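S.K.: Structure provided below as structure tokens; questions to follow.
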Amino acid sequence: MYVKWNPPPTKVFCLNTDGAVTQGNSRAGFGGVFRDYKGNWVMGYASHSPSTIVMNIELMTLLRGLQMAFTHHLTPLQNQMDAQEDLIQHLNSPPLNHTYREQNIVADKLAYFGMELKGTTITFLQILLTSPHFI
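Residue numbers (full-length UniProt numbering): 1 to 135.
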């Protein structure tokens with residue numbers, strides 16, 4: 001089967017992402033590249049991954065790419081990845097819906113709570129298995 005990279009529509013950036021894990025799950029990494037509609041390299045990134053779980057790596061590389069697109073104004077953006085269908089299926093095809101902050105008050109309060117974690121022993125993420133007292 002012959003396959004080749006497909007450019008995005010005119011004046012759209014394309015983000016290609018991928019994750020990799022060694023056969024023995026001893027090492028993992030991810031990377032991505034931004035190209036313009038003519039196929040020209042705009043920017044790329046690569047990183048070691050502490051996780052060797054393929055879905056985690058695919059999500060991490062997509063997240064990092066979206067963060068870079070936002071920071072560097074690489075919009076409009078199209079994403080191409082080989083695990084997209086697996087991710088969507090694994091997550092049961094979740095729709096993305098807009099909601100107002102007033103409708104999303106619990107998540108909003110958790111975001112403000114997250115600001116208070118600065119300087120504590122929590123370095124990345126606090127998992128809350130029960131609703132905190134301020135909710």
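Virtual Cβ for every residue (Gly too), placed ideally from N, Cα, C.
As the structure is a prediction and not an experimental result, all values here were calculated from the model.
Below 6 angstroms CB to CB, which residues in the same chain sit around ILE122 once its five sequence neighbours on both sides are set aside?
M.R.: With a pLDDT of 42 at ILE122, under the threshold of 50, the modelled position of this residue cannot be trusted, and the question is left open.
S.K.: Output the distance between the C-alpha atoms of THR71 and ARG64, rounded to the nearest integer angstrom.
M.R.: 11 angstroms
S.K.: From what residue to what residue does the alpha helix (DSSP H) around MET1 run?
M.R.: No alpha helix (DSSP H) holds MET1; DSSP gives it neither H nor E.
S.K.: DSSP on LEU77, reduced to helix/strand/coil?
M.R.: strand
S.K.: Helix, strand or coil, according to DSSP, for ALA28 in the structure here?
M.R.: strand
S.K.: Leaving out five residues on either side along the sequence, give the residues of the same chain with a beta carbon under 6 angstroms from the beta carbon of LEU74.
M.R.: PHE13, PHE34
S.K.: Give the range of the alpha helix (DSSP H) segment to which THR99 is assigned.
M.R.: Careful: THR99 lies outside any alpha helix (DSSP H) and carries neither H nor E.
S.K.: Quick check on DSSP: helix, strand or coil for PRO7?
M.R.: coil
S.K.: Look at the alpha carbon of PHE134 and the alpha carbon of PRO94, and state the distance between them as a whole number of angstroms.
M.R.: 28 angstroms
S.K.: Given 8 angstroms as the limit, is there contact between the stretch 32 to 51 and the stretch 5 to 12, that is, 3 or more CB pairs closer than that?
M.R.: yes
S.K.: ASP108 lies in the beta strand (DSSP E); which residues open and close that run?
M.R.: First-last for ASP108: 105 to 116, but that is the alpha helix (DSSP H), not the beta strand (DSSP E).
S.K.: Where does GLY44 fall in DSSP's three states?
M.R.: strand
S.K.: Report the option in ASP82, ASN92, VAL54, LEU110 whose CA atom is closest to the CA atom of ARG27.
M.R.: VAL54
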